[in-house]
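Asker: Below is the structure I would like to discuss, written out as structure tokens.
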Amino acid sequence: MAKQGTKKNVKLKFDTQWQYSAAPESPDHIILADKYDLFINGKFTSPQSKKYFDTINPAKETRIASVAEAGQADVDAAVSAARQAYNKVWSKMPARERGKYIYRIARLMQERARELAIIESMDGGKPIRESRDIDVPLAAAHFFYYAGWADKLDYALPGMKAEPMGVAGQIIPWNFPLLMAAWKIAPALACGNTVVLKPAETTPLTALKLAEIIRDADLPPGVVNIVTGAGATGAAIVNHAGIDKIAFTGSTDVGKIIQKALAGTSKKFTLELGGKAANIIFEDAAIDQAVEGIVNGIFFNQGHVCCAGSRLFVQESIANTLLRKLKDRMETLIVGDPLDKNTDIGAINSRDQLNKIKSLVKIGINEGGECYQSSCSLPSKGFWFRPTIFTNVAQSSKIVQEEIFGPVLAIQTFRTVEEAIEKANNTPYGLSGGVWTDKGSKVFKVTSKIKAGVLWANTFNKFDPTSPFGGYKESGSGREGGMHGLSAYLK
Amino acid sequence: MEVKEKIKKTIQKHTENGHSVNGSTVINKRIPVLKTYKLYINGQFPRTESGRYYKLTNRDGKVIANICRGSRKDFRDAVVAARKAQEGWQKKSAFNKSQILYRIAETLETRKAQFAETLMLQGYEHQAAEQEVYASIDMLVYYAGWCDKYQQVFSSVNPVESSYFNFSFPEPMGVVAAIANQQSGLLSLITTIAPAIAGGNAIIVLAAEKYPLTAIDFTEVLNASDVPGGVVNILTGYSKELHTHFSSHMDVNAMMYCGNNADELKTIQTNAALNVKRVIAVKDIKEESPYRIMGLQEVKTTWHPVGI
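If you want it as structure tokens, here you go:
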């Protein structure tokens with residue numbers, strides 16, 4: 001027992017004792033075409049642009065399929081299909097019937113959940129455990145939740161007559177491809193709008209599978225149109241005169257470009273942008289639970305999360321202990337094959353994103369930050385990045401200020417509650433935040449003072465269709481999810 | 492005294508005696524004291540730091556006052572004051588805020604004749620002036636009532652699947668900058684100020700160029716109604732000059748524009764993208780709605796654990 005006193009030597013050893021057998025999810029039942037067209041007016045249509053691009057598996061760097069690149073003429077066709085469907089069918093249909101179509105989508109997604117999860121992990125690199133347990137069920141739940149709103153909208157905005165906006169143009173990111181499609185499409189349809197949606201260029205496949213589901217659900221043609229492509233396709237949607245509302249999820253930089261582009265037009269918009277969330281650990285927190293929360297906050301989905309807890313603030317008195325425990329825990333994280341059910345951290349979504357993470361980490365080191373990475377092995381092919389933490393950083397450090405969108409955590413300490421709040425709010429972002437303490441009153445004190453849209457107490461990165469999500473300040477405007485998410489799609 | 496007659500006399504005073512330098516007419520008359528109109532920043536009445544002014548004339552082209560032509564620096568000072576005051580204002584209880592808004596209405600009610608007069612001095616017809624003052628007072632009472640109610644109407648407890656008490660409620664965005672409608676001397680100020688401060692924001696408003704007198708007179712009402720300094724700041728000056736500075740300031744969270752100039756609105760919306768400012772284009776300054784309050788609120792969602 002006396003030996004235990006020298007705590008510095010206590011270290012868990014995982015490298016030798018803990019061996020996991022591979023537990024890969026089999027993709028043999030997955031049916032993927034070699035080439036995908038645009039989903040316009042209820043049909044898969046070859047692009048007038050005649051262009052296709054490849055989508056690859058970031059864990060293997062192999063091509064999965066070719067996907068159409070929508071040009072201006074294709075976006076025109078999609079918008080006009082959406083307009084027709086809005087004028088002639090969707091806005092005229094009794095709300096209850098509209099709701100039933102949305103319920104159908106939810107059910108079909110649940111039926112095909114396993115397939116969707118595997119494709120999500122293949123195309124985007126996220127661990128199968130996450131796509132299976134979080135992304136896909138949540139996406140289906142989102143449709144289910146909003147389906148029920150369709151004939152109850154007058155209760156959502158007291159004193160107002162709920163009216164749809166018209167045609168919604170929606171642009172979504174690559175970090176939660178199917179879930180973001182659900183967040184966008186479900187409330188838009190429930191409110192009586194029709195949709196032109198563009199998935200991200202590196203992760204178009206589950207949105208195209210969703211298009212199949214929408215077709216199989218017999219949704220009236222043109223109510224949902226899915227056009228694949230990159231930035232130019234997105235710009236064509238943003239600038240299209242036939243669109244009434246833009247909903248965008250992505251980086252703050254692009255969000256600002258969109259907001260600027262919409263100046264002087266009558267288009268409404270909602271933006272879900274970047275973040276640099278503070279995760280604050282007080283000395284009275286359950287420390288092991290907090291370590292799990294830190295890991296979940298920053299390493300969930302490879303850190304490709306706009307609300308990731310990328311700035312950690314630890315009360316000084318527990319900093320050493322917590323850091324040791326965090327490093328130990330990081331050693332146990334398995335980085336590798338996204339389709340393996342043991343995997344904690346999958347592949348970085350693209351080579352571009354990997355390069356961005358690498359360059360920011362380099363800047364962090366050059367600015368004097370102390371960098372620590374887990375010693376895990378990485379597969380030889382694919383895009384990978386080890387779980388990384390930085391100590392000895394300042395409020396002004398680039399890695400403290402800028403969103404990295406990768407598994408990189410910047411750690412700072414604080415002494416008082418006020419100091420923690422001050423530091424947490426010292427950012428142009430305001431999407432989310434976390435507080436860890438055993439004291440309920442402290443939770444409320446801190447969460448009420450942090451300028452962010454979603455605050456988690458003794459947890460992090462939790463989502464639910466009934467829970468509104470969205471940012472303050474430069475993290476965007478508007479809410480998605482819950483009752484508050486409806487106003488984004490009602491006049 | 493009949494308001495009408497009083498106004499007539501006031502106008503006469505200002506136009507005939509007020510600025511008259513014709514010594515022969517003043518021998519047996521009391522010389523009225525003229526007021527210097529200044530800005531309202533941080534609960535104080537500074538002159539514009541720029542030293543610039545513009546002339547306000549009556550219908551006959553007679554100069555009634557030199558008005559501060561507020562500058563970018565004045566605005567920046569006002570933002571600093573507003574930011575400093577906002578947190579304390581937000582922290583005040585909803586009931587307290589409600590009473591303070593009601594107090595503004597009370598104070599204005601006792602001065603309604605003065606405000607009607609001053610509107611007329613600036614060119615309003617009698618009836619229009621009275622109506623605008625009454626509408627302004629009533630709007631203040633309307634929003635006073637919302638101070639402790641909109642949270643209940645627009646909050647929710649969200650039935651999440653996991654074991655958390657999850658709730659969403661509105662919080663003020665922070666600092667709001669507003670530009671009044673150029674055709675309105677008082678109501679346009681109230682339509683920006685009342686929903687902003689009812690929701691716990693601090694605000695900086697640029698008064699209509701043609702109607703600065705009522706705006707500055709109104710600051711005296713604010714000053715006498717327990718509104719903490721910095722919560723409402725009022726500038727006078729040119730919309731065409733200041734709208735770019737209002738909209739490009741990086742410490743302003745939201746912008747309300749009540750003007751009718753499409754180019755100005757477009758510039759405001761363009762600049763707003765610099766820090767993802769929310770822009771609210773107010774089309775109908777008479778509209779009263781809790782959604783005016785909500786337009787300047789952020790919805791915060793908290794996940795609080797349930798368990799032991």
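Taken in sequence, the protein lines are chains A and B. First residue of the first sequence? That's 1 in the working numbering, and the numbers climb one at a time after it. First residue of the second sequence? That's 492 in the working numbering, and the numbers climb one at a time after it. From the three backbone atoms N, C-alpha and C, an ideal C-beta is built for every residue, glycine too. All of these numbers come straight from a predicted model, not from anything done at the bench.
Under the rule that 16 or more other beta-carbon atoms within 10 Å means buried, what is A/His484, buried or exposed?
Answerer: Buried, because 16 or more other Cβ atoms sit within 10 Å of the Cβ of A/His484.
Asker: Would a C-beta distance cut-off of 9 Å place A/Leu378 and A/Leu153 closer than the cut-off?
Answerer: It is not a contact, given that the beta carbons lie outside the stated cut-off.
Asker: Less than 9 Å separating the beta-carbons of A/Gln170 and A/Ala188?
Answerer: Cβ atoms of A/Gln170 and A/Ala188: closer than 9 Å.
Asker: Answer with yes or no whether the minimum CB distance from A/Ile357 to chain B is below 9 Å.
Answerer: No, because no Cβ of chain B sits closer than 9 Å to the Cβ of A/Ile357.
Asker: Are the CB atoms of B/Val722 and B/Ile688 nearer to each other than 9 Å?
Answerer: A contact, by the Cβ cut-off of 9 Å.
Asker: Can you list, in chain order, the residues of its chain with a C-beta nearer than 8 Å to that of B/Val624? Leave out the 5 residues immediately preceding and following it.
Answerer: Closer than 8 Å at Cβ, skipping near neighbours: Leu599, Lys603, Phe606, Ala607, Leu610 and Leu677.
Asker: Are any of the Cβ atoms in chain A nearer than 9 Å to that of B/Gly514?
Answerer: Unreliable positioning characterises B/Gly514 in this predicted model, as indicated by a pLDDT of 49, which lies under 50. A coordinate reading is not provided.
Asker: In chain B, which residues lie with their C-beta within 8 Å of the C-beta of A/Gly453?
Answerer: Near A/Gly453 (Cβ distances below 8 Å), the residues of chain B are Glu789, Val790, Lys791 and Thr792.
Asker: Closer than 8 Å by C-beta to A/Ile30: which residues in its own chain qualify, once you throw out the five before and the five after it? Chain order, please.
Answerer: Taken in chain order, the residues that qualify are Glu115, Ile118, Ile119 and Met122.
Asker: Using a Cβ cut-off of 9 Å (strictly closer), state whether B/Ile694 contacts chain A.
Answerer: With 9 Å as the cut-off, B/Ile694 does not count as an interface residue toward chain A.
Asker: Using DSSP with H/G/I as helix, E/B as strand and the rest coil, what is B/Val667?
Answerer: DSSP places B/Val667 in strand when its eight states are reduced to three.
Asker: Determine, using beta carbons only, whether A/Val224 and A/Phe44 come nearer to each other than 9 Å.
Answerer: No; because the gap between Cβ atoms is not below 9 Å, this pair is not in contact.
Asker: In chain A, which residues lie less than 9 Å from B/Gln760 when you measure between Cβ atoms?
Answerer: Those within 9 Å of B/Gln760 in chain A are Gln259, Lys260, Leu262, Ala263, Gly264 and Thr265.
Asker: Spell out the partners DSSP gives A/Asp432 in its beta bridges.
Answerer: Residue identity differs from the one stated: residue 432 of chain A is Ser in this sequence, not Asp. Per DSSP, A/Val454.
Asker: Give a yes or no on whether the minimum CB-CB distance between A/Ser467 and chain B is below 9 Å.
Answerer: With 9 Å as the cut-off, A/Ser467 counts as an interface residue toward chain B.
Asker: If you check the beta carbons only, do B/Ala693 and B/Leu592 fall under 9 Å apart?
Answerer: Not in contact: B/Ala693 and B/Leu592 (Cβ atoms no closer than 9 Å).
Asker: Identify the continuous beta strand (DSSP E) that holds A/Lys491 and give its terminal residues.
Answerer: Looking at the DSSP string, A/Lys491 is not in any beta strand (DSSP E), and its letter there is neither H nor E.
Asker: Could you pull out every residue in the same chain whose Cβ sits closer than 7 Å to the Cβ of A/His142, ignoring the five residues on either side in sequence?
Answerer: Contacts found: Ala182, Trp183, Ala186 and Pro465.
Asker: Please list the partners that B/Lys757 has in chain A, where partner means a Cβ-to-Cβ separation under 7 Å.
Answerer: Ala263 and Gly264, listed in chain order.
Asker: Since A/Trp183 is in the alpha helix (DSSP H), which residue starts that stretch and which ends it?
Answerer: Residues Pro177 to Ala190.
Asker: May I ask you to report which of helix, strand or coil DSSP gives A/Gly382?
Answerer: Here A/Gly382 sits in coil by DSSP.
Asker: Where B/Asp742 and B/Pro663 are concerned, what is the direct C-alpha to C-alpha distance, given to the nearest angstrom?
Answerer: Rounded to whole angstroms, B/Asp742 to B/Pro663 spans 14 Å at the Cα level.
Asker: For A/Val89, which residues in the same chain have their Cβ closer than 8 Å to its Cβ, ignoring the five residues on either side in sequence?
Answerer: These residues qualify, in order along the chain: Pro220, Gly222 and Val223.
Asker: Beta-carbon within less than 6 Å of B/Gly614's beta-carbon, same chain only, minus the 5 sequence neighbours each way: which residues are those?
Answerer: Hits under 6 Å: Arg550.
Asker: Kindly say whether B/Glu778, judged by its beta-carbon, lies nearer than 9 Å to any beta-carbon of chain A.
Answerer: Cβ-Cβ to chain A under 9 Å: no for B/Glu778.
Asker: According to the Cβ coordinates, are B/Lys582 and A/Leu455 closer than 9 Å?
Answerer: Taking 9 Å as the Cβ cut-off, B/Lys582 and A/Leu455 do not qualify as a contacting pair.
Asker: Could you tell me which chain B residues have their CB closer than 7 Å to the CB of A/Trp456, listed as they occur along the chain?
Answerer: The contacting residues are Trp794.
Asker: Give a yes or no on whether 9 Å exceeds the smallest Cβ distance from B/Leu765 to chain C.
Answerer: Absence of chain C from the displayed structure is noted, the protein chains being A and B.
Asker: Please report the distance separating the alpha-carbon of B/Val512 from that of B/His617.
Answerer: For B/Val512, the pLDDT reaches just 49, beneath the cut-off of 50, and the residue's location in the model is therefore unreliable, although a value from the coordinates is still provided. Using only the alpha carbons, I get a separation of about 29 Å.
Asker: Can you find the residues in the same chain that come closer than 7 Å, C-beta to C-beta, to B/Ile784, ignoring five residues on each side of it along the sequence?
Answerer: Result list for B/Ile784: Trp637, Tyr641, Pro686, Ala689 and Gly690, in chain order.
Asker: Do the region 347–360 of chain A and the region 302–319 of chain A touch if we need at least three Cβ pairs shorter than 8 Å?
Answerer: The answer is yes - the region 302–319 of chain A touches the region 347–360 of chain A, with three or more Cβ pairs under 8 Å.
Asker: Measure the beta-carbon distance from B/Asn744 to B/Ile532 and round it to whole angstroms, keeping in mind my assumption that it falls under 8 Å.
Answerer: Not a contact, Cβ separation roughly 18 Å.
Asker: Taking C-alpha atoms, which residue in B/Phe536, B/Arg560, B/Glu652 and B/Ala635 lies nearest to A/Lys462?
Answerer: If we check each option's Cα against that of A/Lys462, B/Glu652 comes out closest.
Asker: Check whether the Cβ of B/Val651 lies closer than 9 Å to any Cβ atom in chain A.
Answerer: So yes, B/Val651 belongs to the interface.
Asker: Would you mind stating whether B/Ser589 and B/Ala626 have Cβ atoms separated by less than 9 Å?
Answerer: No; because the gap between Cβ atoms is not below 9 Å, this pair is not in contact.
Asker: Using DSSP's beta-bridge definition, name the partner residues of B/Trp794.
Answerer: Paired residue(s): A/Trp456 and B/Asn657.
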